Amino acid sequence: MRFGGFSTRLLNICIASYCRARNIEQAEVILIDGIRLGVLPDVVTYNTLVDAYCKFVDLDAAYLILGRMMEAGISPDVVTYNSLIAGASRRCLLLRTLDLFDEMCVRGIAPDLWSYNTLMHSFFKLGKPEEANRVFQDIWSKDWLPCSDTYNIMINGLCKNGYSENALRLFRTLQRRGFTPEVVTYNVLINGLCKAERLGAARKILQELWLSGCQPNAYSYTTFMKCCFKSRKFNRGLEIFSEMKGKGYTFDSFAYCTVIAAFVKIGRMEEACDFMGQMMDTGHSFDIVSYNTLINLYCRQGKMEAAFQLLDEMEKEGWGCDVYTHTILINGLCKSGNIEGALSHLQYMRAMGFGSDLVAFNCVIDGLCKAGFLDHAITMFETSELKDAYTYTSLVHNLCKARRFRNASKLLLSCLRNGFKIPRSTQRAVLDGLRESGFSSEARKLQTKIYMARLLHSI
DNA sequence: CTAGGGTTAG
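When you line the first sequence up against full-length UniProt numbering, it's residues 1 to 459, in that order.
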């Protein structure tokens, strides 16, 4: 039926556009209206919904669609399962991911290259690079030719798992074998190198991107801008920002959030506020990251009331708090001197199922120290399973400030023994403090142990 | 309809 086929395509376009706008309710309304008018949904219609439910609602809701589509006499296909697998992977549900993979095979749906790509991505995301690599080998043993997506996921995954050197090597190998990297590949690698603090290497790849004749896209710009801010080249970052604007790139909140967060971080609040105004003027609706960025801006200005007001607005818009939101609020409460508020918010956060957030914990530890409750902080530290270099640094730093150098020294040692990297300035503060307060032999011993730890852990 | 960029702590 020619006309019917055309209508179904229109229906799908319509549903996809509502789904993209996260308006699944409206998408469902359109589906029902369509059916009433005799426009029959097809596998693409249901796949779009499955994908949207995976992304914006939850897996069970997506799984219900699977039931509905089979009731309608439409069999799920490989795309349906790829979406479900991606959904499980996004939520870090490894068993669910693998079960779905099996279920697909049992139903006689052969996994395609994308299924394997998604599986590989999933393993990387869960911090299992060896398993991901096995999937990569699997792909090679099939008849398929791995496509650029496969390489992109591989390069991205290697970088995110701390193997940026291997990622770079893979990139070079591919080039030698005649593979022409596309913009995405460059972007992934630049971002990975940037996150691994290998700014020089990132800049080099960026140069190559310019020379390759590829047009950098909005991703490239935002990635590079972030790279500039990270290496404290603020003016260069801002130049990139205006160049991006000047060239008429579609302006979403990504670039604005990058700029605002960078200025907040270095305390240039007027500029941050200025960019916030610009971002609001674009008239785009905010997503969770935009809200988080702005809430952080208010928090760091000490405007806690405004921050909580924005939080209300965010929740009214249907966004739930994430780990970042909670952490930003806890940090804000600490910095504005409301340490009780911070402590109770940490408890609230954990009660909400955000179990092990180290960053929020570190904020509270630092807040307690700064508010003069050093011993309370130490007790919390000692009874906690989670701790990292930041936790140690806060405590050591504040113990020095309280002139409790021998205490600080002990903690510094256990930090080094655990292989955590602690700033040299903090180490120096302990050594100087010990010497100045007459513990020079202890200082010498500590110095030796620091050298040993540096050798042992290469820190 | 299925990968890549932005938000938190010294």
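Glycine included, each C-beta is placed from N, C-alpha and C at the ideal position. Just so we're clear, the structure is a prediction, and the values are computed from it rather than from any experiment.
Residue i to residue j span [Cα, whole Å]
| i | j | result |
| --- | --- | --- |
| residue 55 | residue 396 | 42 angstroms |
| residue 166 | residue 155 | 8 angstroms |
| residue 228 | residue 237 | 5 angstroms |
| residue 249 | residue 186 | 18 angstroms |
| residue 38 | residue 99 | 36 angstroms |
| residue 161 | residue 124 | 7 angstroms |
| residue 287 | residue 23 | 14 angstroms |
| residue 148 | residue 142 | 16 angstroms |
| residue 196 | residue 42 | 45 angstroms |
| residue 66 | residue 31 | 15 angstroms |
| residue 435 | residue 164 | 41 angstroms |
| residue 86 | residue 117 | 10 angstroms |
| residue 176 | residue 168 | 12 angstroms |
| residue 463 | residue 341 | As shown, the chain starts at 1 and ends at 459. That puts residue 463 outside it, with no answer to give. |
| residue 244 | residue 115 | 35 angstroms |
| residue 410 | residue 439 | 13 angstroms |
| residue 348 | residue 329 | 12 angstroms |
| residue 89 | residue 96 | 8 angstroms |
| residue 400 | residue 241 | 41 angstroms |
| residue 430 | residue 404 | 9 angstroms |
| residue 371 | residue 414 | 24 angstroms |
| residue 393 | residue 49 | 48 angstroms |
| residue 402 | residue 231 | 32 angstroms |
Outcome for residue i when other beta-carbon atoms lying within 10 angstroms are tallied against a minimum of 16
| i | result |
| --- | --- |
| residue 423 | exposed |
| residue 2 | Its pLDDT being 42, under 50, residue 2 is placed unreliably in this model, and the coordinates cannot settle the point. |
| residue 417 | exposed |
| residue 13 | exposed |
| residue 180 | exposed |
| residue 366 | buried |
| residue 92 | exposed |
| residue 15 | buried |
| residue 292 | buried |
| residue 387 | buried |
| residue 235 | exposed |
| residue 443 | buried |
| residue 265 | exposed |
| residue 280 | exposed |
| residue 384 | exposed |
Selected residue, minimal CA-CA separation from residue i, among the options
| i | options | result |
| --- | --- | --- |
| residue 183 | 265, 117, 216, 245 | 216 |
| residue 446 | 427, 437, 455, 436 | 427 |
| residue 354 | 327, 279, 23 | 327 |
| residue 103 | 121, 113, 80, 117 | 80 |
| residue 376 | 33, 339, 65, 416 | 339 |
| residue 448 | 88, 20, 412, 28 | 412 |
| residue 254 | 223, 363, 126, 268 | 223 |
| residue 251 | 266, 264, 221, 232 | 221 |
| residue 120 | 359, 325, 146 | 146 |
| residue 61 | 34, 199, 25 | 25 |
| residue 159 | 46, 144, 127 | 127 |
| residue 157 | 176, 133, 178, 74 | 133 |
| residue 8 | 35, 313, 324, 90 | 35 |
| residue 352 | 199, 323, 264, 334 | 323 |
| residue 73 | 364, 137, 46 | 46 |
| residue 290 | 305, 78, 313, 268 | 313 |
| residue 191 | 213, 208, 211, 219 | 219 |
Delimiting residues of the alpha helix (DSSP H) encompassing residue i
| i | result |
| --- | --- |
| residue 287 | Neither: residue 287 is in no alpha helix (DSSP H) and is coded neither H nor E. |
| residue 460 | The question about residue 460 has no answer here: the residues shown for the chain are numbered 1 through 459. |
| residue 275 | 269 to 281 |
| residue 439 | No alpha helix (DSSP H) contains residue 439, which DSSP labels as neither H nor E. |
| residue 324 | 323 to 335 |
| residue 210 | 199 to 211 |
Any non-hydrogen atom of the ligand ZN within 7 angstroms of residue i CB
| i | result |
| --- | --- |
| residue 19 | The ligand ZN is absent from the structure shown, which contains no ligand whatsoever. |
Check: Quick one: complete alpha helix (DSSP H) runs, 4+ long, within the stretch 88 to 133?
Finding: At a cut-off of 4 residues, the continuous stretches assigned as alpha helix (DSSP H) that sit fully inside the stretch 88 to 133 are 94 to 106, 113 to 125.
Next item on the list: Can you check the stretch 343 to 370 for any alpha helix (DSSP H) of at least 4 residues that lies completely inside it and give the ranges in chain order?
Entry: For the stretch 343 to 370, the full-length alpha helix (DSSP H) segments reaching 4 residues or more read 358 to 370 along the chain.
Next item on the list: Can you check the stretch 409 to 433 for any beta strand (DSSP E) of at least 3 residues that lies completely inside it and give the ranges in chain order?
Entry: Runs of the beta strand (DSSP E) inside the stretch 409 to 433: none found.
Next item on the list: Please specify which runs of the alpha helix (DSSP H), each continuous and at least 4 residues long, are wholly inside the UniProt repeat "PPR" (217 to 251), giving them in chain order.
Entry: Fully contained in the UniProt repeat "PPR" (217 to 251) are the following alpha helix (DSSP H) runs of length 4 or more, in chain order: 218 to 230, 234 to 246.
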